[in-house]
Amino acid sequence: MKSTYGVTSSQSESAEFVSIWLLLRRNMLPVAILVLVAVFLTSLYMSSVPDRYRTDAQMVLALSETRFSDSTGNLETFELSRSSVETELAKLRSRDFAEQIAETLGLFEDDSFVSGIDPQTNLPVSEELRRQAVTDKVLASYSVTREGESLALTVEGRSTNPDLAAAFANTVISVYINNEFNNRINRLQKSIGDLRRRVGLLGEEFTQAEAKLAEFIRNDNLDDEQQLNRLRNTVERARTILEAGLEQQVPPDEEKAMREELADAEQRLQSRTRLELSLLAKERETELLRSRYQSAVDELNLLETRIGQEDPGTTQVSVARVPLKAYAPSRLLAVLLAGAMSVIIGFVLALVREGLDRTVKTEKQIFKATGLQNLGYFVKQKVKPTKNQATVAEPIENPNSPLAEAARGILTNCIKFQDAKVLLITSALPNEGKSFLSSVLATTAAADGMDTLMIDLDTYRRGASKLLVPDSVKFQQTDLYSDNLVVQPVPMAQKATGTLDLMTVASPTRELTSAAEAKLKRVKETLSKQYDLIVIDTPPALVMDEVFRNDALVDAVLLVSRWGKTPQDALQTASRRLAQSGFHVVGTVLNDVDPKKFRWIGYEGYYGHYDYYK
C-alpha cells in the first residue's frame, strides 16, 4: 500500500525504526552511563538488604458451637456464617492479637527484633513507643488468608530469620486455638452459671406452685374424690322428689320447699365443679413448671458433664516448617528491572533532550526551518584554531580528503547547477565557521585550476585573511570604492593548478546611495572578467548588516550553520531576511559535523564519507 507521496507503509515503519535507532545511538553514551549507575546503585542497595524467609501453616475453624441462649433459655447450636468467619479474621489481624504473639515469643524484650535506641537521637525510646513499634512489626510479619468460602485459613509467617518466620506462623495458630478454647470454656462456665440460676428460680417457682396447690386442695377439701358424685346424687334425688310432688299436686308451700332444696343442691354441685376445674388448671400449671424445671436440670447436668470434655474446636492441620531458601529479595531480578527501567528512562530523557534541542543537526531540520536544501557537510576539525592555516591548505595537499570532497561538491552545485560565479558566504551568528568554509572553498577552487578571488568583507575579525595569509601583518587592505583595488596573491603549493588572490576590505560599507550600488556593480563586472570564481566572506547576517549593503556584488548566497550549535530559529530568521532582501540563497552548509555521532552513509540528512585518499 502506497501513501500520497509514493512511500509504502513498510518503508515508513522502517524509517521510524531507523529514527528511533539513530536517536538511541546519538544518546548511547548518556543512556549507557545512566544504566550503569542505576545497576550499580541497585546492586549496592540490594547487597545491603537482608534475605527474607516465609513459610505457612493451616488451621480449620470449628463449624459450630453449643451454648446457652439468653433469649430462649435453652441450649442452642450456633453455626459459623460468612460474617462470623470475617469476624475471626479481623481478630487475627488486630493489634491486641499481635501483642499476644509478641508476648508469647518474648519480642518485647528482644532488642534484636526492635531496638530500644532511637537511631536519630541515639537515646532510649519510651516503653510505649517501643511496644507500638514491636506490634507494628509483628503485624507486618504474618498474614492470614482464606480460600473462597472454606473454613480453612492459611497463616504465612515472614522474617529475616527463618526460625522466626516459622515461629510466627505456628504461634499465630496456637495462640488463636488457646484463645478459642479459653473462650469456649468461659462461655460454657457462663452458661452453667446462668442455668444454675435458672434451675434455682424454676425450682423455687415449682415449689411455691406445689405448696399453693396443696393449700388449695386442703382448704376446699378437694382431696375427697367421692364428694362430687354425692353432690350429683343429691341433685338427682331432689329433682326426682320435685317431679313426684308436681305429679301429686302437692301444696304450694311443699313445692316451694322442694324447689329451694333442688336449687341449693345444684348450686353446691356447680361450686364443686368450678373448684375441680380450678384444681385441674393449677395441676397443669404445676406440671408445666415441673417439666421446665426438669429440662433445666437436665441441661445443667449436660453442660456440667461437657466442661471436662470440651475441645478447642479449631484445629491446626499443618505445621509451618523452617524455610531453607529465602524468597526475597530477588537481587538479579531487581538489577534487571533497574537496568530495564533505566533504559526506558534514558530513552524518555533522550526524547526530551532531542525535543528541547533546537539546534541544527540534520537536513530535515534545515529544510523545515528555512526551506533550503543543504549542499554539503564540513567535518569537525581536530586541529586547534591557531593551526587552521594548514587545514585550509588540505585540499591542495590531499585532493581526495573529506574536506576537499565536501568543498568540491558544494562548488559543483553552486557553479554548475546554480550558475553562480560570485558566492557570498555568511552565517546567522558568530563562531559558526563561515570564514573557514570560505577559505576552504577558495583554496579548493584554486587547487582544481580555477582563478579564484577571496574578498574579505568581515572588517571586524578578518577571519579569511588570517587563514589565507600566515602572517596577518602582511596582508594589504583596500577600499572597495577606490579606483585602484588592492589584490594580494595568496601563496599556494606547487600542486595547485589555479591561482588564489585575496582582497581585504579596509572598512565596512557605509554608503546606501544609487551611486554606491552602481560602483559595486562595476567592481563586480571588472572582477568577474578577471576571475573564474569570487568568494566573499561577510560578517554574520543577524549581527552586522554588512551582507545586506553589498548585494550588488553577489550572484548567490551560502548560509553556514554549525552542527549542534546554530539555533533553528536563528537560521530561519537569517534565511528569511536574506530572501526578503533579494538575495538568491542557493542553500546551506552544515559545518563542524561530528563524524563519530553521524558515521552513517545514506541520505536525507545522514552524514557519511569515504576516505578515498587512504
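Going left to right, the sequence shown walks through residues 5 to 618 as the numbering used here numbers them. Quick reminder that beta carbons are idealized off the backbone N, C-alpha and C, glycines included.
Exercise. Are the beta-carbon atoms of Leu246 and Leu266 separated by less than 7 Å?
Worked result: Leu266 sits close to Leu246, with the two beta carbons spaced by under 7 Å.
For this session: Following the continuous alpha helix (DSSP H) through Asn378, name the residue where it begins and the one where it ends.
Result: It is not in any alpha helix (DSSP H) - Asn378 instead sits in the beta strand (DSSP E) that spans 378-383.
Problem set entry | Phe544 burial status per 10 Å Cβ neighbour count (16 or more: buried) | Note on identity: in this sequence residue 544 is Pro, with Phe being the wrong assignment. Taking a 10 Å sphere around the C-beta of Pro544, we find 16 or more other C-beta atoms and assign the residue as buried.
For this session: Measure the CB-CB distance between Val364 and Leu575 and report whether it falls below 7 Å.
Result: yes
Problem set entry | Ile429 to Leu461 span [Cα, whole Å] | 10 Å
Exercise. What is the DSSP secondary structure of Met63, counted as helix, strand or coil?
Worked result: strand
Exercise. If you drop the 5 nearest sequence neighbours on each side, which residues of the same chain put their C-beta closer than 8 Å to that of Val179?
Worked result: Phe101, Gln104, Ile105, Thr108
For this session: Taking 7 Å as the cut-off, decide whether the C-beta atoms of Ala1 and Tyr57 are in contact.
Result: This structure cannot speak to residue 1, because the chain is shown only from 5 to 618.
For this session: Please go through the same chain and pick out, in chain order, the residues whose beta-carbon is closer than 8 Å to the beta-carbon of Met345, but skip the five residues on each side of it.
Result: Ala42
For this session: Note down the Cα distance separating Phe479 from Leu379, rounded to an integer number of angstroms.
Result: 31 Å
For this session: Using 10 angstroms around the beta-carbon of Tyr297, count the other beta-carbons present and answer buried if the total reaches 16, otherwise exposed.
Result: buried
Exercise. How is Asn237 classed by DSSP in three states: helix, strand or coil?
Worked result: helix
Exercise. If you drop the 5 nearest sequence neighbours on each side, which residues of the same chain put their C-beta closer than 6 Å to that of Ala556?
Worked result: Glu521, Leu524, Lys525
Problem set entry | Asp423 versus Asp559 - alpha carbon distance | 8 Å
For this session: Indicate the three-state DSSP secondary structure (helix, strand or coil) for Ala269 in the structure shown.
Result: helix
Exercise. How many Å lie between Val148 and Leu96 at the Cα?
Worked result: 7 Å
Problem set entry | Reference Thr592, options Ile414, Arg553, Pro512, Pro493, closest by Cα | Selected option, being the one with the closest Cα: Ile414.
Problem set entry | Residue of Gly375, Trp567, Ala451 minimising C-alpha distance to Glu401 | Ala451
For this session: Output yes or no for whether 7 Å exceeds the beta carbon distance between Leu506 and Met458.
Result: Yes.
Exercise. Alpha helix (DSSP H) containing Ser98: first to last residue?
Worked result: No alpha helix (DSSP H) holds Ser98; DSSP gives it neither H nor E.
For this session: From the DSSP output, read off the bridge partner residues of Leu157.
Result: Met63, Arg150
Problem set entry | Thr319 (DSSP reduced to helix, strand or coil) | DSSP, read as helix, strand or coil, puts Thr319 in strand.
For this session: Determine the direct distance from the alpha carbon of Ile221 to that of Asp227, and round the result to whole angstroms.
Result: 6 Å
For this session: Report the residue from Gln212, Ser585, Leu537 whose alpha carbon sits nearest the alpha carbon of Glu289.
Result: The option with the nearest alpha carbon to Glu289 is Gln212.
Exercise. In the DSSP assignment, what residue or residues form a beta bridge with Val539?
Worked result: Paired residues: Leu427, Met458.
Exercise. Over what stretch of residues does the alpha helix (DSSP H) that includes Ser518 continue unbroken?
Worked result: 518-534
For this session: Would you kindly check if the distance between the Cβ of Ser431 and the Cβ of Val551 is under 7 Å?
Result: no
Problem set entry | As assigned by DSSP and simplified to three states, the class of Pro166 | helix
Exercise. Residues in its own chain within less than 6 Å of Thr447 by CB, not counting five upstream and five downstream?
Worked result: Val396, Pro399
Problem set entry | Residues bridged to Leu563 [DSSP beta-bridge criterion] | Thr430, Thr592
Problem set entry | 7 Å Cβ cutoff met for Asp596 and Arg566 | Going by C-beta atoms, Asp596 is nearer than 7 Å to Arg566.
Exercise. With DSSP run on the structure shown, which of helix, strand or coil describes Arg58?
Worked result: strand
Exercise. What residue does the alpha helix (DSSP H) around Val509 start on, and which one ends it?
Worked result: Val509 -> not in any alpha helix (DSSP H); beta strand (DSSP E) instead, spanning 504-509.
For this session: Report the rounded CA-to-CA distance for Ser511 versus Ser469, giving the unit in angstroms.
Result: 14 Å
Exercise. Taking C-alpha atoms, which residue in Leu33, Ser47, Thr577 lies nearest to Thr374?
Worked result: Thr577
Exercise. Do you know whose CA, among Ala285, Thr463, Asp361, Thr244, lies nearest Ala269's CA?
Worked result: Thr244
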